[in-house]
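Quick notes on the structure that follows.
2 protein chains.
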Amino acid sequence: MHSFIELSKIFEEKFNTRHFPAHTKTLYDPAQYILQLGGKRVRPVSVLMGNELFDEITPDAYELGTAIELFHNFTLIHDDIMDKAPVRRGLPTVHMKFGDSTALLAGDVMFVRCYDYLNKLKSTSLHKILHIFNHTAAQVCEGQQLDMDFEKRDTVSMDEYVNMITLKTSVLLAASLQLGSILGGTTERNQQHIYEFGKSLGIAFQIQDDYLDAFGDPEKFGKLVGGDIVANKKTFLMIRAMEVADEVSKNELMQLMRENPVDKVEKVLAIFKKCDVDTWANELKEKYLQTALQHLEDIAVLSKRKEPLKQLALFLIERQN
Amino acid sequence: MHSFIELSKIFEEKFNTRHFPAHTKTLYDPAQYILQLGGKRVRPVSVLMGNELFDEITPDAYELGTAIELFHNFTLIHDDIMDKAPVRRGLPTVHMKFGDSTALLAGDVMFVRCYDYLNKLKSTSLHKILHIFNHTAAQVCEGQQLDMDFEKRDTVSMDEYVNMITLKTSVLLAASLQLGSILGGTTERNQQHIYEFGKSLGIAFQIQDDYLDAFGDPEKFGKLVGGDIVANKKTFLMIRAMEVADEVSKNELMQLMRENPVDKVEKVLAIFKKCDVDTWANELKEKYLQTALQHLEDIAVLSKRKEPLKQLALFLIERQN
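Going down the list, the protein sequences come from chains A and B.
Using our numbering, read the first sequence as starting at 1 and increasing by one per residue.
Using our numbering, read the second sequence as starting at 1001 and increasing by one per residue.
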């Protein structure tokens, strides 16, 4: 058994290599660029942990983890194009550095490469693994589309937002854990519990993400604080504020979103604080964490094997970037 | 055995259905939209023909053909975004109708769907099929990147252009035929000959494509004639013209590309004709066709089984759209 930190190091060492051919550098260098920006490698480490919860880590888990990390980075490149995001992990996004067209294509070829790694799996469950992977990938696309649809709408309900976030963020974490557990040879029932653990944890993760965008420390955060506010994103915080703000504050929020003044971020944050949205977000995050931990509890395996997953949960919801 | 026309009809009937879920319509309707614009379905029909050259068509061939047609349409959606193309098959491109971001994402999810179909294959050669498919998909991305790189350069040699076209266009046709032949259970040697047949035919196909862009009948062509000229694409025709034009015409061509006057297409076409580029293109096309037919000849199977592939070759190089 390894701790979360140990598994992160082990994965990072294997992953820290060039994943693309040396030729056609104008395509592959931009793809490699985003991989070298670092990142938490939460999803591939989740594959390793899902595996090790039930059995020794198989070589397949590294291939599968690499595939999932490449998939995740492919979505980051394309999302950044769609969101016109200038900065990721403190450095220029791929499309800012190499142009939109090359970024689009670098994302595409990263997605192809991801299936190259999946095709290396020796597991007899390859068919099921591909099915879950493809289903999850489609859900992530659906989530991104809903996110964009919501930007054009005046109001989004909390249920709609949770559904969108589940698709865009949670299912990939959940699937990473489940796929790892399949490599570990566990039962269908245990697979479902680890999936649900990941799904609730993913929502808690997103609440923290939304929280950090508004209230994070700019030096630690690595992205521009208030980016969601500038982009009129309906986040957990914004939807909550629209639900609980008095009429005056609500109208002010709507006006700020329509008119985009230079002091928009500052003014929106003031309303968030007036509505205690920050406290509320921390409580909601805690609620999802508890649901996740209950599913972890329900997995039929020795409880000492579950320690790394508890560490993962705490890491994800306490992180500052 | 079926003729090319028969196989086209059989495939089209099976393919003419919704390939995406009913929900998240804002994502899936744009993806379905491009599939309903029609098209020649050359690549999936090539899968069927590669299969039937050696054995009865297996159900796998339809799944594989569908996967390849979805992959092809995914590249069309993304290429049209990159090329800022307004029209495809006489109708608005996906990004013109639904916006760049949705088109990008609709392409992504179509690519996911393509792997769903691949995952339905029953073939014991699935591993090899996925390997060839992934390798080909990466080559297509490389070809598109080189195409964009060339647009920024003043000169491109004929060899560089042929290499780019081979990657961007030919290898997918070649791989479709080879993958079909794998389903037909043929030898490695026959697989290589059918691959090379497709590769040379794909180049002949592209020569015809470049020719039609310049000299096609606007009513039959379905795209804006002269689109490559407007976009300063280095086509077979442009590269040849730059090679053989006298100094005056060459300088005029370079000036036209720099300055983009309103009568650019007209003036470039006049130079093309003065240099006999149209006659040259037809001869080059014929040369590649003969190479292709020689590889077809070399496939070790009864020659009457090769008839549909000869029909395919003639269809591709004589088509007017």
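Ideal Cβ placement from N, Cα and C applies to all residues, glycine included.
From a predicted model like this one, the values you see are computed outputs, not experimental measurements.
Same chain only: Cβ atoms within 7 Å of residue i, ignoring 5 sequence neighbours per side
| i | result |
| --- | --- |
| proline 218 (chain A) | Val225 |
| histidine 95 (chain A) | Asp80, Ile81, Ala103 |
| isoleucine 1203 (chain B) | Val1162, Ile1165, Thr1166, Ser1170, Tyr1288 |
| cysteine 1114 (chain B) | Ala1067, Leu1070, Phe1071, Phe1074 |
| lysine 1304 (chain B) | none |
| arginine 1018 (chain B) | Gln1032 |
| arginine 1089 (chain B) | Leu1037, Gly1038, Gly1039, Gly1222 |
| leucine 105 (chain A) | Leu27 |
Check whether residue i and residue j have beta carbons under 7 Å apart
| i | j | result |
| --- | --- | --- |
| phenylalanine 1197 (chain B) | leucine 1237 (chain B) | no |
| phenylalanine 205 (chain A) | leucine 316 (chain A) | yes |
| lysine 122 (chain A) | aspartate 60 (chain A) | yes |
| methionine 49 (chain A) | proline 261 (chain A) | no |
| threonine 136 (chain A) | leucine 173 (chain A) | no |
| serine 1176 (chain B) | serine 1046 (chain B) | yes |
| valine 109 (chain A) | alanine 31 (chain A) | yes |
| valine 1156 (chain B) | lysine 1234 (chain B) | yes |
| phenylalanine 11 (chain A) | glycine 65 (chain A) | yes |
| asparagine 344 (chain A) | isoleucine 299 (chain A) | Absent from the model: residue 344 (chain A). The displayed extent of chain A is 1 to 321, so no value can be given. |
| asparagine 51 (chain A) | leucine 1130 (chain B) | no |
| alanine 1313 (chain B) | leucine 1201 (chain B) | yes |
| threonine 26 (chain A) | glutamine 1145 (chain B) | yes |
| tyrosine 1361 (chain B) | glutamate 1063 (chain B) | The question about residue 1361 (chain B) has no answer here: the residues shown for chain B are numbered 1001 through 1321. |
| isoleucine 229 (chain A) | valine 277 (chain A) | no |
| threonine 24 (chain A) | glutamate 1142 (chain B) | yes |
| histidine 127 (chain A) | glycine 107 (chain A) | no |
| lysine 285 (chain A) | isoleucine 207 (chain A) | yes |
| phenylalanine 1015 (chain B) | glutamine 1311 (chain B) | no |
| isoleucine 57 (chain A) | methionine 158 (chain A) | no |
| serine 1101 (chain B) | methionine 1 (chain A) | no |
| glycine 1227 (chain B) | aspartate 1213 (chain B) | yes |
Bounding residues of the alpha helix (DSSP H) (the contiguous stretch that carries residue i)
| i | result |
| --- | --- |
| asparagine 1251 (chain B) | 1247-1259 |
| valine 1094 (chain B) | 1094-1098 |
| lysine 285 (chain A) | 277-298 |
| histidine 1127 (chain B) | 1126-1151 |
| glutamine 36 (chain A) | Premise fails: glutamine 36 (chain A) is in no alpha helix (DSSP H) and is neither H nor E. |
| glycine 1184 (chain B) | No alpha helix (DSSP H) contains glycine 1184 (chain B), which DSSP labels as neither H nor E. |
| proline 1044 (chain B) | 1042-1052 |
| valine 1301 (chain B) | Valine 1301 (chain B) -> no alpha helix (DSSP H), and no H or E assigned at all. |
| leucine 243 (chain A) | Sequence check: residue 243 (chain A) is glutamate here, not leucine. 236-244 is the extent of the alpha helix (DSSP H) around glutamate 243 (chain A). |
| valine 265 (chain A) | 264-274 |
| lysine 1009 (chain B) | 1004-1015 |
Spatial neighbours of residue i in its chain, beta-carbon cut-off 6 Å, leaving aside the 5 residues before and after
| i | result |
| --- | --- |
| threonine 186 (chain A) | Phe54 |
| histidine 72 (chain A) | Arg43 |
| cysteine 1275 (chain B) | Ala1241, Val1244, Ala1245 |
| phenylalanine 1150 (chain B) | Val1156, Lys1234 |
| methionine 257 (chain A) | Asn232 |
| histidine 1295 (chain B) | His1193, Glu1196, Phe1197 |
| arginine 1319 (chain B) | none |
| lysine 306 (chain A) | Leu296 |
| threonine 958 (chain B) | Any question about residue 958 (chain B) goes unanswered here, given that chain B covers just 1001 to 1321. |
Check: residue i C-beta below 6 Å from any heavy atom of the ligand HEM
| i | result |
| --- | --- |
| phenylalanine 1004 (chain B) | You won't find the ligand HEM in this model; it holds no ligand whatsoever. |
Check your understanding: What are the complete alpha helix (DSSP H) segments, minimum 4 residues, inside the region 68-119 of chain A?
Key -> 94-98, 100-118
Practice item. List in chain order: all unbroken alpha helix (DSSP H) runs of 4+ residues lying wholly within the region 153-229 of chain A. Key: 158-165, 171-183, 188-215, 218-221
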